[in-house]
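Encoded as structure tokens, the structure appears first; notes follow it.
Numbering (the working numbering), first residue to last: 25 to 581.
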């Protein structure tokens, strides 16, 4: 299938290839299956060696309040006697059972689920000492996922000299419900964001314990994809997370608006009102009744009722919308990598509205909704191929604009920022119309290109695929090491800087500049107007799904 990605010509026109450097030495090998015991401040844990990597799994970093104490901040984990078995993953956090999910390319068997799910996993090079720490936060729309998926295995990454940590955190209604009764219980008068609190608790555990596993608590990089990248952005804006990490990587982040706790803002009802609505949908007279519900039934009924999981702008943990915090320059002052995939929406077509029946209907709708910006929109996303234009417009508004905005704002804060576009395809994905689909970069980053989900388009076992994976693996781990991504035999990745530099990942890494250009300016203008109006959200309401765009105001294009 030919690549119809409109970025192909844009990126190709900007490419310039440079010289590369750096290879990382691998540690010495250990006997496979050999047991290894670590005495950490949290307690002794037994892991196992696999070649030159030692892994420890299912370590509790916090205790989630359950049952009648549900929807509270995470608590200190229970102490354990003796040596804890760290050879098996902990249970996944509760998440809904969605009809038809087994046919999704993202589907993997979860195994056991529990409310007592706040565990983490560690992969460390044998005899590691003061190694950089790479903390993975999984995606899944804040509703699904687990750190135990094969694709997130940290072994190959640990072979590059980093300590890899992956975490579970509370999801869906159990992790992010806001409610007036919960706010009344809180010393700060807030509720929601419990899953984000879990992530912060994990970072505190890492700070206190990771040295025992060979990691450097003063060199921690937080990394996530999709909702994991959204989480990284929130952590960059959350005051309680300050100082718990030193670098950030966001793969396919989306800088969407979120509900405020008590007031309807930006087109969202208040988070507390969403909580009381859900209570009514579940026929629960009060919060106590919600706490008595069986957790699996609760998350499934909430999903069927139409509950959407959001973080909450509560003025405490999350002081402002992400976009505002970055505009204020109040985000974490750390180097970052941010990027997106050319085919993001090809596997997320549920985000698209039904297409108009004709090209004329598409153009008329865009002119009706975008007003004075319609000509710019139609030049970028023309009616010649409505499907491709809708895919590209939604991708750019959610993921492209976010990635470049992160690079711009961090550069303005005098921090190094590195922008990328993943535009790599391979036969099985391209034949399915999924060129460079959402999350398709993950196995290349982790080196797990042959350990993907059962329905995942299978990556060929060729030297070319492994070479791209090795390059991306090295770029990510050298950035975690010293903030300067490089890879053996590849170009040095230029910082975004005043030239708007980026790297394109296809068969090789290639450098260019001005990735989005007018596409960025259009989306920045749209979001600026919506923020100024105060009554429109910004997420996947793009193109023909957009509300009528507010008029131009001072400070917005």
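Virtual Cβ for every residue (Gly too), placed ideally from N, Cα, C.
Rounded straight-line distance, which links the Cα of residue j to that of residue i
| i | j | result |
| --- | --- | --- |
| residue 573 | residue 97 | 39 Å |
| residue 146 | residue 352 | 35 Å |
| residue 509 | residue 328 | 44 Å |
| residue 154 | residue 236 | 10 Å |
| residue 196 | residue 168 | 8 Å |
| residue 368 | residue 468 | 16 Å |
| residue 420 | residue 366 | 9 Å |
| residue 521 | residue 441 | 8 Å |
| residue 447 | residue 268 | 32 Å |
| residue 576 | residue 326 | 39 Å |
| residue 568 | residue 411 | 12 Å |
| residue 581 | residue 552 | 8 Å |
| residue 94 | residue 390 | 46 Å |
| residue 516 | residue 523 | 15 Å |
| residue 174 | residue 476 | 7 Å |
| residue 193 | residue 486 | 36 Å |
| residue 324 | residue 176 | 26 Å |
| residue 87 | residue 385 | 54 Å |
| residue 570 | residue 382 | 18 Å |
| residue 89 | residue 303 | 19 Å |
| residue 462 | residue 370 | 7 Å |
| residue 128 | residue 439 | 39 Å |
| residue 219 | residue 348 | 22 Å |
| residue 125 | residue 437 | 42 Å |
Cutoff 6 Å; reference residue i; Cβ partners in own chain excluding five residues on either side
| i | result |
| --- | --- |
| residue 111 | 72 |
| residue 550 | none |
| residue 239 | 155, 157, 187 |
| residue 287 | 294 |
| residue 178 | 147, 188 |
For residue i, the residue or residues it bridges with in DSSP
| i | result |
| --- | --- |
| residue 158 | 188, 245 |
| residue 274 | 248, 362 |
| residue 145 | 190 |
| residue 412 | Bridge partners of residue 412: none, in fact. |
| residue 84 | 143 |
| residue 137 | 116 |
| residue 556 | Beta-bridge pairing links residue 556 to no other residue. |
| residue 70 | 61, 109 |
Residue i beta carbon near the ligand MG (any heavy atom closer than 7 Å)
| i | result |
| --- | --- |
| residue 330 | Looking for the ligand MG in the displayed structure turns up nothing, as the structure carries no ligands at all. |
Beta-carbon proximity list for residue i, same chain, < 7 Å, skipping 5 on both sides
| i | result |
| --- | --- |
| residue 547 | 420, 421, 425 |
| residue 319 | 118, 139, 198 |
| residue 543 | 404, 420, 424 |
| residue 594 | The structure shown does not extend to residue 594, since the chain spans only 25 to 581, so no value can be given for it. |
Own chain residues within Cβ distance below 8 Å of residue i, not counting five before or after
| i | result |
| --- | --- |
| residue 206 | 95, 215, 216, 299, 311 |
| residue 345 | 281, 282, 290, 337, 555 |
| residue 180 | 470, 471, 472, 497 |
| residue 579 | 552, 556 |
| residue 108 | 67, 68, 69, 70, 83 |
Exercise. Would you be able to state if there are at least three C-beta pairs under 8 Å between the region 156–175 and the region 247–263?
Key: yes
For the pair the region 58–72 and the region 95–110, tell me if three or more CB-CB distances fall below 8 Å. yes
To test your reading of the DSSP string, which unbroken alpha helix (DSSP H) runs of 4 or more residues are found completely within the region 300–326? 311–316
| request: Determine, using beta-carbon pairs with one atom in the region 180–196 and one in the region 493–510, whether at least three such pairs fall under 8 Å. | output: yes
message = Using a Cβ distance threshold of 8 Å, determine whether the region 229–243 contacts the region 322–338, with at least three qualifying pairs required.
response = no
Q | Every unbroken alpha helix (DSSP H) inside the region 502–534 [4 residues or more] | A | none
Q. If you pair each beta-carbon of the region 549–563 with each one of the region 270–289, do three or more pairs fall below 8 Å?
A. yes
**Report entry** Contact the region 473–487 vs the region 450–462: 3+ CB pairs below 8 Å
**Finding:** yes
Is the region 429–436 close to the region 376–395, with three or more CB pairs under 8 Å? no
At which residue ranges does the region 382–467 contain complete alpha helix (DSSP H) runs of 4 or more residues, listed in the order of the chain? 383–394, 398–404, 410–419, 425–436, 451–455
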